[in-house]
Structure formats: structure tokens, C-alpha cells
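Participant: So the sequence lines, in the order shown, correspond to chains A and B. Just so we're aligned, residue 1 is where the first sequence starts under this note's numbering, counting upward by one. Just so we're aligned, residue 224 is where the second sequence starts under this note's numbering, counting upward by one. Ideal Cβ placement from N, Cα and C applies to all residues, glycine included.
Number of protein chains: 2
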Amino acid sequence: MDSFPEIAKNSETIIRMPTVRRLPRYLRLLIELKSEGKDFVSSEKIAQALDLKPIVVRKDLAFTGNCGKPRLGYSIEHLIISIENVINFRGKDTAFLAGVGNLGSALLGYKGFEKYGLNIAAAFDLDKEKVNKTVHNKDVYPLEMLPVLAARLHPYIGILCVPEESAQEVVEKMVSCGIKGIWNFSNKELKVPADVVLQNEDLAAGLAVLSISIDKKSKAPVQ
Amino acid sequence: MDSFPEIAKNSETIIRMPTVRRLPRYLRLLIELKSEGKDFVSSEKIAQALDLKPIVVRKDLAFTGNCGKPRLGYSIEHLIISIENVINFRGKDTAFLAGVGNLGSALLGYKGFEKYGLNIAAAFDLDKEKVNKTVHNKDVYPLEMLPVLAARLHPYIGILCVPEESAQEVVEKMVSCGIKGIWNFSNKELKVPADVVLQNEDLAAGLAVLSISIDKKSKAPVQ
DNA sequence: TAGATTGTTAATCGATTAACAATC
DNA sequence: TAGATTGTTAATCGATTAACAATC
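1) Show which residues of chain B have a CB atom less than 8 Å away from the CB atom of Gln-168 of chain A.
2) Assuming Val-170 of chain A and Val-135 of chain A are in contact, meaning their beta carbons sit under 8 Å apart, how far apart are those beta carbons, in whole angstroms?
3) Under DSSP, the alpha helix (DSSP H) around Leu-126 of chain A begins and ends at which residues?
4) In chain order, what residues of the stretch 14-28 of chain A put their CB closer than 9 Å to some CB of chain B?
5) Output needed in chain order: residues of the stretch 161-187 of chain A with a Cβ under 7 Å from some Cβ in chain B.
6) Taking only three categories from DSSP, how would you classify Val-41 of chain A?
7) Determine the DSSP secondary structure at Ala-98 of chain A, reduced to helix, strand or coil.
8) Which of the three DSSP states is assigned to Asp-2 of chain A in this structure?
9) Compare the C-alpha of Asn-311 of chain B against each of B:Arg-294, B:Ala-329, B:Glu-337 and B:Leu-330 and name the closest.
10) Counting beta carbon pairs with one atom in the stretch 313-329 of chain B and one in the stretch 371-390 of chain B, are three or more of them shorter than 8 Å?
11) Taking all protein chains shown into account, decide if Asp-51 of chain A is buried (16 or more other Cβ within 10 angstroms of its Cβ) or exposed.
12) Can you find a CB in chain B that lies within less than 8 Å of the CB of Gln-199 of chain A?
13) With a threshold of 8 Å on Cβ separation, who are the neighbours of Glu-84 of chain A within its own chain once the five nearest residues in sequence on each side are excluded?
14) Return no unless some Cβ of chain A is closer than 8 Å to the Cβ of Ala-231 of chain B.
15) Would you mind stating whether Gln-199 of chain A and Val-432 of chain B have Cβ atoms separated by less than 8 Å?
16) Report the start-end ranges of each alpha helix (DSSP H) in the stretch 242-295 of chain B that is 4 residues or longer and not cut off at the edges.
17) Rounded to whole angstroms, how far is the Cβ of Ile-214 of chain A from the Cβ of Trp-183 of chain A, which I believe are closer than 8 Å?
18) Quick check on Val-135 of chain A: does DSSP put it in helix, strand or coil?
19) Say whether the stretch 55-72 of chain A touches the stretch 121-139 of chain A, bearing in mind that this needs 3 or more beta-carbon pairs closer than 8 Å, one atom from each stretch.
20) Just reading off the beta strand (DSSP E) that Ile-157 of chain A is part of, what are its end residues?
21) Taking the Cβ atom as the reference point for each residue, do Val-179 of chain A and Lys-439 of chain B lie within a distance shorter than 8 Å?
22) For Asp-202 of chain A, go through chain B and note every residue whose CB falls closer than 8 Å to its CB, in chain order.
23) In chain order, what residues of the same chain lie with their CB nearer than 7 Å to the CB of Leu-376 of chain B, ignoring the 5 residues before and after it?
24) On the premise that Cys-400 of chain B lies in contact with Ala-417 of chain B, defined as a C-beta separation below 8 Å, what is that separation, rounded to the nearest angstrom?
25) Using a Cβ-Cβ cut-off of 6 Å (strictly less than) and excluding sequence neighbours within five positions of Lys-9 of chain A, which residues of its own chain qualify?
26) Let me check understanding here. Comparing Cα to Cα, which of A:Val-57, A:Gly-37, A:Ser-42 and A:Glu-36 lies closest to Arg-25 of chain A?
27) In chain B, which residues lie less than 7 Å from Lys-217 of chain A when you measure between Cβ atoms?
28) Go through the stretch 139-193 of chain A residue by residue and report every complete run of the alpha helix (DSSP H) that reaches 4 residues or more, in order.
29) Could you tell me how far apart the beta carbons of Asp-262 of chain B and Ser-298 of chain B are, in whole angstroms, since I believe they sit closer than 8 Å?
30) Beta-carbon within less than 7 Å of Ala-49 of chain A's beta-carbon, same chain only, minus the 5 sequence neighbours each way: which residues are those?
31) DSSP on Asp-438 of chain B, reduced to helix/strand/coil?
32) Name the DSSP beta bridge partners of Val-197 of chain A, please?
33) Spatial neighbours of Val-309 of chain B within its chain, please: C-beta separation below 6 Å, excluding the five flanking residues on both sides.
34) Mind reading off the beta-carbon distance from Ala-106 of chain A to Ser-328 of chain B? Whole number of angstroms is fine, and I expect it under 8 Å.
35) With DSSP collapsed to three states, give me the class of Asn-342 of chain B.
36) State the DSSP-derived secondary structure class of Leu-203 of chain A, mapped to helix, strand or coil.
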């Protein structure tokens, strides 16, 4: 943890989305390997564990600025730190969540966010019945309180789990409070200002891929 | 609904994943337009609504086998049917869900699956305390009951929301009961036989993309 | 007919893969 | 040194974009 390779914080590196989406998978594996007491791992081993090709692993890991050692592989500890830095999974970033329905409540109770460096500091709802309670130990406030709490807690991510009808309105409230990224679990197509990042999570997209893949496989059993 | 264009059920069409992932977005928009009484829509209009380029829309829609009419655009009703057919969102496909924790419960209560042609017919859990109850009106059975209920209900998709430790074991049970697709919400890297489709949903992947995009945007404000 | 909009063909861009030289 | 494993450079593949002819 003391001697530490120069991280290529080369801010001009291009974001390659497929690589970024794989980084959390490497991270989980590396943390597991570390807990088993391992110090180094090769791209070949990582590839086997994650069902990838070794060259993909090497290309992806190069993107984190970390260097492997010929014959040894990659330092697990250094890689973990590099990946966490690149995708910002270290530290505690503050998020607000809006919409404490089924999905919103589940996310409030999701333990994994701690590992991802995300702290849901407060939750909000328009429904008077859901408000002024706690869900999974998180306080749920009326939406009107958003500006006051934002001024105090400085959230930078807004997690959106409200029904489609109110999604745009809630996003605008979040944006006007200085939130810089919207993680959208509603299926509403949202408009955000150019300086705000919108990340849509679409359950139906995954299901569509699954359905069509099953279809293809059953129709073309020889491959 | 009577006169209906020949659908190119050309089974040799290649699956283009980015296209497939966008199809549910077109579908939602088209259903909305239909409810507004519209009959035709142009690729330009669709592109505006979904923040895409018109050429992307035309290429994607061509993939559904549907033809647009020059000067008129696409028949909304026909397109809806074509898209639903391609991604198998018509009819009622049976799914089993395993793991009735926070996320599993939320999915059991998710109304949208009806629209996606997915019917969660039964839920399962290893925890004796969670079993023999109903969650959002779905029966929760002990995992041992899976084979019996599978023989009766013929599920073809298994939705996996169990903790990582038991994920592989549960998947194997599902596969041995004839399930052809696994929708994996756990973060476990699963092994499945070659004839079974695995679709991983990784929350951390979306969060990583969001985080890194916010970073980039704040560091490169001129674009 | 003129004009709007589609669908096709070719060009560009980006991601994956292959080949191999560099390194410990 | 020999051998394993990395990182680089070039080739391939697939998706997006551009240009434009076809169509109503």
C-alpha cells in the first residue's frame, strides 16, 4: 500500500464503454482472489474465471493504467486500487433516491452500494403515505425537502425510481439542486441539460436480449 | 389487424444486440403514440423522441422485418406487433424466480413484466422463513419444490436473485428442470451448459459508466 | 410533378482479435 | 538461458453514419 506504481491519470484517455462495464467484474474477482491470499494473477486466469479472452483482459487492464509483470501477471492489490479509482468506487459519494416503491425500496436496502462507494444519503417520495418513515434505515422525505437536504448533503448522483408520469419533474428538481448524474430506473425518456449525465437502466432491454437469444439457440442447435 | 405485411421471419437474420436493446424503447414510444390515436410515424419523429439519429431508427426497424412507406412513415400498429414478435413480448411466457430478498420481491411486484409477455408463475427460496407465503400475490415455495412445479408449469426463464453463495447451485437446479434462459441478477459468474442462455444484469456496470461519465464531463467542460 | 421519407450501398468509426516482439 | 506472460502493432469484425437512389 506504500510503494505504488504511477497511475496513468492521463485525463485524455478515451472512455471505452465495454471496458468500463467489465471493470466491476474484474474488481469482484480480484477482491475474492485477495481474500484467498493470492498476490498475483495472470490475464489467462482472469479470462477463465470471467469467460473472456486473455487479450480482452489485457487490453481492459491496460486502460486502468496498471502494468502487469511478465511471467508474474498483475498485482492483485494494485489492480484493485486502480480499478476502484478509475470507476470511482473508492470513497463515499452521496446519492439521493426518489421513488420509494418496490424497486426504490429494494435499492435502499441493497448492501452492495457500500462496496461501490455509493452512499444513499436520503430518499424522497411524492406520496404522503410513504414519507417521514424509514425504509431499510434510510429516511424518506417529501420531495419538497429535496433542495434543503441537497444544500446540506451535496448529492452528486440522483437515483430515479419514480413512475413515468413524475420522472421528468423529479429529474428537474434534482438537476436544479446540483446533481450531476441521473441513474434512471424508470422507463421514461428524460431530457437533461448538457452538463448532466443520464444513465438509463432498462430491464426490458436485458429481457429482450435474453428472449431473442433463447429463440435463436433453439432454432439453430448446431453451432 | 387483418391485412398484415409479410414479416421477414427470415431465421437467418443476425442478432444485432445494440438494436435488440433499443427495440423495447421503440415499443414503449409506439404504444404511447397509438394511445394518442396516431397511425403513422416517421423515423425522424422517433429519433427526436428517443434522442437517436433517424438512420439508426430506420436500420433498427428494418431489422424487425417491417417496411415503412415513403412520405408516410411507419404504421404504428404494424410496428408494435412486429417488435413484440421479434423480442417475444407477446403471449405469456412462464418464468420462475429464485431468491425472495429485496430485489427478488421487487421483481415479483413489478407490473411491467405483463407488458413484456413474462409471467412469473412461482417463486422459490432456501430460507424456511420466507417460504409458504405469498409476496405481491405470488406463491413462494421451498427450493426442493422446483422440479415438481417445473413439471407442471414448464418455465422457460429462470430469474436469479439469490445470494452469490447459492447462485450456482440454484442455476443447476433450474437447468435440470428444463429452463432455457437464466436472467442473473446476482453478481456471481455462473457456468451454464452450452444450450442455456445466460443474461447477466450488473448494477455495478451501469454505475461505473455513470461515475466515469460524470468525471469526464466535469474535467472536459468544453465539448 | 415535386417533395418527403424510406431503404440500400458504401464509408467511417470503434471494439475485438491475432501475431509477435519485449521483458522478466 | 528458456519460457511464460505482458504490451504493442496490425488485421478483422461489427456498428454507426453518410450519401443517395427508389418510392409513393
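Facilitator: For this structure:
1) Correct list: empty, because the minimum Cβ distance to chain B is about 13 Å.
2) Not confirmed; about 17 Å, so no contact.
3) Here Leu-126 of chain A belongs to no alpha helix (DSSP H), and DSSP marks it neither H nor E.
4) Ile-15, Met-17, Val-20, Arg-21, Arg-22, Leu-23, Pro-24, Arg-25, Leu-27 and Arg-28
5) Lys-180, Gly-181, Trp-183 and Asn-187
6) strand
7) strand
8) Because Asp-2 of chain A carries a pLDDT of 33, less than 50, the predicted location of this residue cannot be relied on, and the following value inherits that uncertainty. Correct three-state label for Asp-2 of chain A: coil.
9) B:Glu-337
10) yes
11) The residue in question, Asp-51 of chain A, is exposed, as its Cβ has fewer than 16 Cβ neighbours within 10 Å.
12) yes
13) Short of 8 Å from the beta carbon of Glu-84 of chain A, and not among the five residues preceding or following it, lie these beta carbons of its own chain, in chain order: Leu-27, Arg-90 and Gly-117.
14) Unreliable placement is indicated for Ala-231 of chain B, whose pLDDT of 36 sits below 50; the coordinate value is still reported in the next sentence. Not closer than 8 Å to any Cβ of chain A, the Cβ of Ala-231 of chain B fails to qualify, so no.
15) Yes, the Cβ-Cβ distance between Gln-199 of chain A and Val-432 of chain B is below 8 Å.
16) 266-273 and 277-286
17) About 29 Å; that fails the 8 Å criterion.
18) strand
19) Touching, no, given that fewer than three Cβ pairs across the two stretches are closer than 8 Å.
20) 157-160
21) Note that residue 179 of chain A is Ile in the sequence shown, not Val. Cβ atoms of Ile-179 of chain A and Lys-439 of chain B: not closer than 8 Å.
22) Arg-244, Pro-247 and Arg-248
23) Thr-317, Ala-344 and Ala-345
24) So it is not a contact: roughly 18 Å between Cβ atoms.
25) A caution first: Lys-9 of chain A carries a pLDDT of 38, below 50, which makes its placement in the model too unreliable to give a value.
26) The shortest Cα separation from Arg-25 of chain A among A:Val-57, A:Gly-37, A:Ser-42 and A:Glu-36 belongs to A:Val-57.
27) Within chain B, the residues near Lys-217 of chain A are Asp-418 and Val-420.
28) 146-153 and 164-176
29) 7 Å
30) Leu-29
31) helix
32) A:Gly-181
33) Result list for Val-309 of chain B: Thr-287, in chain order.
34) 7 Å
35) In this structure, DSSP gives Asn-342 of chain B an extended state, which the three-state scheme calls strand.
36) The DSSP-derived three-state label of Leu-203 of chain A is helix.
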